[in-house]
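A.B. asks:
Number of protein chains: 2
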Amino acid sequence: MEMILVTVTAVIALLFALFTAKKLAKSDAGTEDVRRISGIIRKAANAFLKRQYTVVAIFFAVIFVLLLILAAFGAGNWFTPFAFLTGGIFSGLAGFIGMRIATSSNGRTVMGCKQSLNKGLRTAFSSGTVMGMVVVGLGLLDTSLWYLGLKHIAHMDPSQIANTMVCFGIGASSMALFARVGGGIFTKAADVGADLCGKVEAGIPEDDIRNPAVIADNVGDNVGDVAGMGADLYESYVGSVLSASALGVFAGLEEMGFIVPFLIAVAGVIASIIGTFFVRTGENATQKQLLASLRKGTYISTLIMVVAAGAIIYFMLSGKEGINIWGLYGSVLCGLIAGVAMGAVTEYFTSDTYKPTQKLAKASDTGSATVIIDGLALGMRSTMLSIIIVVAAIAGSFFLAGGTIKDPGIGLFGVGIAAVGMLSTLGITLATDAYGPVADNAGGIAEMTGQEPYVRERTDALDSLGNTTAATGKGFAIGSAALTAITLIAAFKSTVEGLGYTFNLNILNPQVLIGFFIGVMLTFLFSAVTMQAVGRAAGRIVTEVRRQFREIKGIMTGEAQPDYEACVDICTRSSQQEMILPAVIAVVAPILVGILLEFNGIAGMLAGAAASGFCMATMMSNSGGAWDNAKKYIESGAIGGKGSDNHKAAVVGDTVGDPFKDTSGPSINILIKLLSVVSIVFAPIILVIIKAIWGI
Amino acid sequence: MEMILVTVTAVIALLFALFTAKKLAKSDAGTEDVRRISGIIRKAANAFLKRQYTVVAIFFAVIFVLLLILAAFGAGNWFTPFAFLTGGIFSGLAGFIGMRIATSSNGRTVMGCKQSLNKGLRTAFSSGTVMGMVVVGLGLLDTSLWYLGLKHIAHMDPSQIANTMVCFGIGASSMALFARVGGGIFTKAADVGADLCGKVEAGIPEDDIRNPAVIADNVGDNVGDVAGMGADLYESYVGSVLSASALGVFAGLEEMGFIVPFLIAVAGVIASIIGTFFVRTGENATQKQLLASLRKGTYISTLIMVVAAGAIIYFMLSGKEGINIWGLYGSVLCGLIAGVAMGAVTEYFTSDTYKPTQKLAKASDTGSATVIIDGLALGMRSTMLSIIIVVAAIAGSFFLAGGTIKDPGIGLFGVGIAAVGMLSTLGITLATDAYGPVADNAGGIAEMTGQEPYVRERTDALDSLGNTTAATGKGFAIGSAALTAITLIAAFKSTVEGLGYTFNLNILNPQVLIGFFIGVMLTFLFSAVTMQAVGRAAGRIVTEVRRQFREIKGIMTGEAQPDYEACVDICTRSSQQEMILPAVIAVVAPILVGILLEFNGIAGMLAGAAASGFCMATMMSNSGGAWDNAKKYIESGAIGGKGSDNHKAAVVGDTVGDPFKDTSGPSINILIKLLSVVSIVFAPIILVIIKAIWGI
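Here the protein sequences line up with chains B and W, keeping their order. Take the position in the first sequence, starting the count at 1, then add 610; the result is the number in my numbering. Take the position in the second sequence, starting the count at 1, then add 610; the result is the number in my numbering.
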């Protein structure tokens, strides 16, 4: 019964997205110029996604068949292959819709800004809202329908449902990895390539129409920061709900344990919809006021959640044996608070209104090398506060829920609902996050179509705000990834124990210890692979742009048009090639480690990857964000200003930060969860192999 | 009885060092010019050490009193405070003697090179030999005398001795941390500062006498790369022997378990002495031949060890119940092979004769940002092979020795003697390693005293070789640190269990898991703190050099002398200030974690720090080495050559790499061991506190 409510809420979210999109469609699409450029960007972005989904489809087909074979041989579940497909398709769909709306809103945002700042803000934010609602709507729709099907058609009991559905994350996670890595490589290769040749070598401004990579750069914002982020957060959202639900059942809460996390998500959707109505601003709003108006929406949603979560837990779980209602409510609050705190820390370390980024900008006095050293150190240092928040949230949600070291079941469920709580308001946090790239694109279009300066000023104001909200969003993504990863390790353990395996998870068991070392290493390796992919792709762009500048006469004087297509094409092809290896690592590593070190080794690997992945992702995202904003800080006139030696040094930092914050960092969040889900899904076959090899 | 042999060998090593030093003293100390500059460097280096030891003495006094108080209240051992002192003093002494000999050999190496390449090589290598022998000699002297005292004067049984002496590493480890961090900050601040102002801004060559920071730079080689490395490897050596010995006793091997690791070390000393006689080269030797001549010595020592280790284990342990002689021998071989393999991997990733560094140099085509991205990725990627080697060594030595998951005792002893095996030939590997900075200094002196070009060419040949041997040495240091860290975790567990605490080391125990997250974070934090320290100190040097260029007229024309003292002074003061925080982190973290998360949390933290520290140290050392050599590769004429844009881009990489490879990276190796030893030493008082707080 309650689950039908979830389905209904999912539909409401989707209808709200549709309604918002329709309203957007009625707004002014712009002059011919604006529509032409917006059209080019849209076409290229669609072409990328088409190609991307073709490659991903092959991967999905392979894994689908593999899962079918496993199921046929009794080493797997018949539903998993199909849930794998629906998860992947819905995740891809969320990214696709988000990108469609973003690419049709960029020009509209320019026109909005022409009218007023508030109109511009509303347009970009509405685009983000569509994205946010589509993500949560599709996520809840997919999972609630599966639940209803498994319960009422397949007549499974809660425990079977939990065991089956915890595998379902693999579809969304794989899709998310491809979207993040592929999109991340595209966007950063284009960005780095455009910057290196345009800003640094040819000395033309950002987004200059003469730069052959400028369209690719703008396309990148959409495929990386919109479609990639959409699939990514779809994954986080679905993953956290599914693992919390499974842990609820494993903890002995039966059906209610499964349903409560969904209901918390439902409350979050409603809270988010209400929150979006509060986002508006006056004319001549300062940066601070703009931020405040976005914040208002988020805070109101969070406040609603604080009340709603209490009500849900009270009504659903009171009277259950061995349950401490207020404790569990405390767990959800831990998640909500930790989410806000993570956002605040990220902002502190990456916003140029605070000391760390200002000091980083100052390091440009002694050249680019010190900018790099300081930026890396800043990111590494920032891991301390983030870790404290996350471990406090883990410990708090675990012990408040009533977990003990001897009987951790309910405590782990507490960690699970903390993660769900943190992500519950995703509808609106994602809206404020996805609004950024639209504003960024609008700035590009304004520049390329030669709008009057005040328009560009307004888009810049919106864009710069987008950097802050993106940082906050990253804090959420990382924090929830850490919590979800831990719940997935617990779910992995329960699942494998269900297969009849007995764990020895003592950290001095060499299997566990070696697994640890390998897990930690995996995040280093994964970062290296994704960073180098960006480096290689960017190198190809640089070569191409240099060729065009050399061979196509008249680009600089505006007499000839550069070949934008060629750059888009290089980005597309490169990202398709380069995203294969990271995906293979994520799928092969758990299986290999399992075969060599049994499930104890896998558990160690998962813990190692979670801890080290958390620190690495935090570092990369904060270093990258701080470098970006240190550069912007200098561009705003501080410490030498635009064009100074300080600025040049800061540009180097920003360029290094690009793959950090938009490719490697966010991909690691997905990696640490995908490793867990792969381990869970392939556990039965791994067990068969290790029995055959090691004779256990 | 056998332990007296250890004492005798220690004395032999020291006598051999004395003999080598005497012979060195007889060689030509050089023209007045050379002696003057060498004298300035020596004076400054001594002044630094004096100041350093004064600061360290305060720290030691505080901890000494603390340990005395703990012992007085029954929460500690009466011997530990004194062993803490002797360990610190001997470690400091090793660094001091090594530095004395290095600063008196740099000028002699110039004179040697004037005669012949072989003479230059022999001089620099002899200086390294003194250092190597002093380190192993003092290490074995200190520990064997304590053993004899505890056994024959205090009449302890082997188990008491093991429990007491495993605490003794704290003195050497603390000293090593100060030496590495303090020396590392000094040397890199001077290096970065001199490069930024001299090479990059003023456009004068490296080691130019007009650069006010040039003397500080040369002093830095001695205090960082010689004294720092000496104390560091003293720590590794003593730490690995002590923890292996303790594990031998814990595994039930009684006195023989304690003595065998010492005997392996003894064999290594003899093997090293023999090996040194094989290091010589012909005239006009190519780079390859030079390397081969150094390698010859190491390989011969290793071969001797392969035979000797077998003999020792056979004669000492055969007939013991439950012991697999050949298995334990296999464990030692695992260590020896892993050491060589680690060196080879490091060389592959950092030498410009291989693809990775050449490709990195090529990345300079697209500017400094891509050099940084590629270099970071190279270092991260290199962790994969290193991890594989180390986990193979751990698994191999554990299972070969007969360890099982249920009864790991003897297996852990296997890991312990693998670490001892790896470090057994330290006498000669350290000699080839410590020879580098002497050659580097000789190059500086040759430049500053205007020697004929062929002299500088020869010192350059020796110096460049030094980079390779330094890389190999770092591979050893990191590999042995990982193995020793694991044995120390095991020793920690045994010690604390001896206090009556019952562990629950399941990785899903939140205490362990949270400890693990904190341990991983600590290496990020520690890296940040040490890197920023270098950045700050380098900034001060830059400001000072710029001031001198501006205010002291005639520096550039050679009419006025720069104020070298001022730069040395800034480096000294900065490094003293900046080394406090890292040391405090290392001491406070385990105690704090212990109080909050009990000993389970400490164990998690130690495992996390070991795994993440290993990857971080590997990455930093390999990224740094590759950047350095990519720059040298370009300077040798490849890809644009000296002064080209490529070269400028590569210099940025090299500068970022400086604190990576010579400050943060090596310090992490010490950190992960110091954390363990602090945990062991302070376990009794932590137990008292957690009993009071948590009532367990």
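We put the beta carbon where it would ideally sit given N, CA and C, even for glycine.
To the nearest whole angstrom, what separates the beta carbons of B:Gly794 and B:Asp1238, a pair I think is in contact under 8 Å?
C.D. replies: By 1-based counting over the first sequence, the position of residue 794 of chain B is 184. By 1-based counting over the first sequence, the position of residue 1238 of chain B is 628. Their Cβ separation, rounded to whole angstroms, is 15 Å, which puts B:Gly794 and B:Asp1238 out of contact at 8 Å.
A.B. asks: Tell me the DSSP secondary structure of W:Asn1256 in three-state form.
C.D. replies: Position 646 of the second sequence, counted from the start, is the residue given in the question as residue 1256 of chain W. The answer is helix: DSSP assigns W:Asn1256 an H, G or I state.
A.B. asks: According to DSSP, simplified to helix, strand and coil, what is B:Asn1116?
C.D. replies: Within the first sequence, numbered from 1, the residue matching residue 1116 of chain B stands at position 506. Three-state result, B:Asn1116: strand.
A.B. asks: Please name the residue in B:Val621, B:Ala635, B:Lys729 and B:Ile999 whose C-alpha comes closest to that of B:Ala1049.
C.D. replies: Indexing the first sequence from 1 puts residue 1049 of chain B at position 439. Taking only the C-alpha atoms, the option nearest B:Ala1049 is B:Lys729.
A.B. asks: Around the Cβ of B:Ala682, are there at least 16 other Cβ atoms within 10 angstroms (buried) or fewer (exposed)?
C.D. replies: In the first sequence, counting from the first residue as 1, residue 682 of chain B sits at position 72. It counts as exposed.
A.B. asks: If the criterion is Cβ atoms closer than 8 Å, does the pair W:Ala1236 and W:Pro1018 meet it?
C.D. replies: By one-based count along the second sequence, residue 1236 of chain W stands at place 626. By one-based count along the second sequence, residue 1018 of chain W stands at place 408. Against a cut-off of 8 Å, the Cβ pair of W:Pro1018 and W:Ala1236 comes out as no contact.
A.B. asks: Considering only C-alpha positions, which residue in the set B:Phe692, B:Asn716, B:Asp643 and B:Leu863 is nearest to B:Gly1046?
C.D. replies: Numbered from its first residue, the first sequence carries residue 1046 of chain B at position 436. Nearest C-alpha to B:Gly1046: B:Asn716.
A.B. asks: Closest Cβ-Cβ distance between W:Phe658 and chain B: below 8 Å?
C.D. replies: One-based indexing of the second sequence puts residue 658 of chain W at position 48. False, the Cβ-Cβ gap to chain B never drops below 8 Å.
A.B. asks: If distances are taken between C-alpha atoms only, which option among B:Val950, B:Met1141 and B:Thr664 comes closest to B:Val916?
C.D. replies: Counted from its first residue, the first sequence places residue 916 of chain B at position 306. Closest option to B:Val916, Cα to Cα, is B:Val950.
A.B. asks: May I ask you to report which of helix, strand or coil DSSP gives W:Pro822?
C.D. replies: Within the second sequence, the letter at position 212 stands for residue 822 of chain W. W:Pro822: coil per DSSP, three-state reduction.
A.B. asks: In whole angstroms, what is the alpha-carbon distance linking W:Val802 and W:Ala1052?
C.D. replies: The sequence position of residue 802 of chain W within the second sequence is 192, counting from 1. The sequence position of residue 1052 of chain W within the second sequence is 442, counting from 1. W:Val802 and W:Ala1052: Cα-Cα distance of roughly 19 Å.
A.B. asks: For B:Lys1283, count neighbouring Cβ atoms within 10 angstroms of its own Cβ and tell me buried if that reaches 16, exposed if not.
C.D. replies: The residue you call residue 1283 of chain B lines up with position 673 of the first sequence. B:Lys1283 should be labelled buried.
A.B. asks: Give a yes or no on contact between the stretch 1253 to 1266 of chain B and the stretch 971 to 991 of chain W, applying the rule of three or more CB pairs nearer than 8 Å.
C.D. replies: They touch, by the three-pair rule.
A.B. asks: By Cβ distance below 8 Å, which residues in the same chain neighbour W:Lys898 in space, the five residues on each side in sequence not counted?
C.D. replies: Translated into positions along the second sequence, residue 898 of chain W becomes position 288. Cβ neighbours of W:Lys898 beyond the five flanking positions: none.
A.B. asks: What first and last residue would you give for the alpha helix (DSSP H) that runs through W:Pro1294?
C.D. replies: Translated into positions along the second sequence, residue 1294 of chain W becomes position 684. Note, W:Pro1294: alpha helix (DSSP H), Ala1293 to Trp1304.
A.B. asks: Going along the chain, which residues of the stretch 783 to 808 of chain W sit with their C-beta nearer than 8 Å to a C-beta in chain B?
C.D. replies: Going along the stretch 783 to 808 of chain W in chain order, one finds Val802 and Leu806 with a Cβ nearer than 8 Å to chain B.
A.B. asks: Any Cβ of chain W within less than 8 Å of the Cβ of B:Asp835?
C.D. replies: In the first sequence, the residue the question calls residue 835 of chain B occupies position 225. It does not: the Cβ of B:Asp835 has no partner Cβ on chain W nearer than 8 Å.
A.B. asks: Under a three-way DSSP split, which group does W:Asn687 fall into?
C.D. replies: What you label residue 687 of chain W is simply residue 77 of the second sequence in a count that begins at 1. Three-state DSSP puts W:Asn687 in coil, outside helix and strand.
A.B. asks: Starting from W:Met785, trace the alpha helix (DSSP H) in both directions and tell me its first and last residue.
C.D. replies: Taking the second sequence and counting its residues from 1, the one referred to as residue 785 of chain W is at position 175. Run containing W:Met785: Gly779 to Ala804, per the alpha helix (DSSP H) assignment.
A.B. asks: DSSP on W:Gln894, reduced to helix/strand/coil?
C.D. replies: Here residue 894 of chain W is taken as the residue at index 284 of the second sequence, counted from 1. Inspection of the sequence shows that residue 894 of chain W is occupied by Asn rather than by Gln. It is coil, neither helix nor strand.
A.B. asks: Could you confirm whether any beta carbon from chain W is found closer than 8 Å to the beta carbon of B:Leu1191?
C.D. replies: For the purposes of this step, residue 1191 of chain B is taken as residue 581 along the first sequence, with counting starting at 1. Not one chain W Cβ lies under 8 Å of B:Leu1191.
A.B. asks: Apart from the five residues on each side of it in sequence, which residues of its chain come closer than 8 Å, Cβ to Cβ, to B:Gln1186?
C.D. replies: Position 576 of the first sequence, counting from 1, holds the residue named residue 1186 of chain B. Arg661, Gln662, Val665 and Gly792.
A.B. asks: Measure the CB-CB distance between W:Ala734 and W:Thr719 and report whether it falls below 8 Å.
C.D. replies: The residue you call residue 734 of chain W lines up with position 124 of the second sequence. The residue you call residue 719 of chain W lines up with position 109 of the second sequence. Yes.
A.B. asks: In terms of residues, what are the limits of the alpha helix (DSSP H) holding B:Ala1213?
C.D. replies: On the first sequence, position 603 is the one that residue 1213 of chain B refers to. Element bounds for B:Ala1213: Ile1190 to Glu1245.
A.B. asks: Between which two residues does the alpha helix (DSSP H) holding W:Pro871 run?
C.D. replies: Position 261 of the second sequence holds residue 871 of chain W. Note, W:Pro871: alpha helix (DSSP H), Glu864 to Thr886.
A.B. asks: Assuming W:Pro822 and W:Cys1177 are in contact, meaning their beta carbons sit under 8 Å apart, how far apart are those beta carbons, in whole angstroms?
C.D. replies: Taking the second sequence and counting its residues from 1, the one referred to as residue 822 of chain W is at position 212. Taking the second sequence and counting its residues from 1, the one referred to as residue 1177 of chain W is at position 567. Between W:Cys1177 and W:Pro822 the Cβ distance is about 5 Å, and since that is below 8 Å, they are a contact.
A.B. asks: Taking contact to mean at least 3 C-beta pairs separated by less than 8 Å, is the stretch 805 to 815 of chain W in contact with the stretch 884 to 895 of chain W?
C.D. replies: The stretch 805 to 815 of chain W vs the stretch 884 to 895 of chain W: no contact.
A.B. asks: Going along chain B in order, which residues have a C-beta closer than 8 Å to the C-beta of W:Val590?
C.D. replies: Since the first and last residues shown for chain W are 611 and 1306, residue 590 of chain W lies out of range.
A.B. asks: Taking 8 Å as the cut-off, decide whether the C-beta atoms of W:Ser1274 and W:Thr1140 are in contact.
C.D. replies: Taking the first residue of the second sequence as position 1, residue 1274 of chain W is located at position 664. Taking the first residue of the second sequence as position 1, residue 1140 of chain W is located at position 530. Yes, they are a contact pair.
A.B. asks: Does the beta-carbon of W:Glu1107 have 16 or more other beta-carbons within 10 angstroms, so that it is buried, or is it exposed?
C.D. replies: Within the second sequence, the letter at position 497 stands for residue 1107 of chain W. Burial call: exposed.
A.B. asks: Taking 8 Å as the threshold, find out whether the stretch 746 to 755 of chain B comes into contact with the stretch 872 to 882 of chain B through three or more Cβ pairs.
C.D. replies: Yes: at least three Cβ pairs fall under 8 Å.
A.B. asks: Can you tell which of W:Asp984, W:Leu1022, W:Ala1011 and W:Val1144 has the C-alpha that lies nearest to the C-alpha of B:Ala1143?
C.D. replies: Start at 1 with the first residue of the first sequence, and residue 1143 of chain B comes out as number 533. Comparing Cα-Cα distances from B:Ala1143 to each of W:Asp984, W:Leu1022, W:Ala1011 and W:Val1144, the minimum goes to W:Asp984.
A.B. asks: Taking B:Asn1116 as the query, report the chain W residues whose CB atoms sit under 7 Å from its CB, ordered along the chain.
C.D. replies: Within the first sequence, numbered from 1, the residue matching residue 1116 of chain B stands at position 506. What B:Asn1116 touches in chain W: Leu1115 and Asn1116.
A.B. asks: What is the DSSP secondary structure of W:Ala639, counted as helix, strand or coil?
C.D. replies: Taking the second sequence and counting its residues from 1, one reaches residue 639 of chain W at position 29. In the structure shown, W:Ala639 sits in coil (DSSP, three-state: anything other than H, G, I, E or B).
A.B. asks: Assuming contact is defined by CB atoms lying nearer than 8 Å, are B:Arg710 and B:Gly722 in contact in what I supplied?
C.D. replies: Residue numbering aside, residue 710 of chain B sits at position 100 when the first sequence is read from its first letter. Residue numbering aside, residue 722 of chain B sits at position 112 when the first sequence is read from its first letter. Not a contact, by the Cβ cut-off of 8 Å.
A.B. asks: Could you pull out every unbroken alpha helix (DSSP H) segment of at least 4 residues lying fully inside the stretch 720 to 787 of chain B, listed in chain order?
C.D. replies: Fully enclosed alpha helix (DSSP H) runs of 4 or longer: 727 to 758 and 768 to 775.
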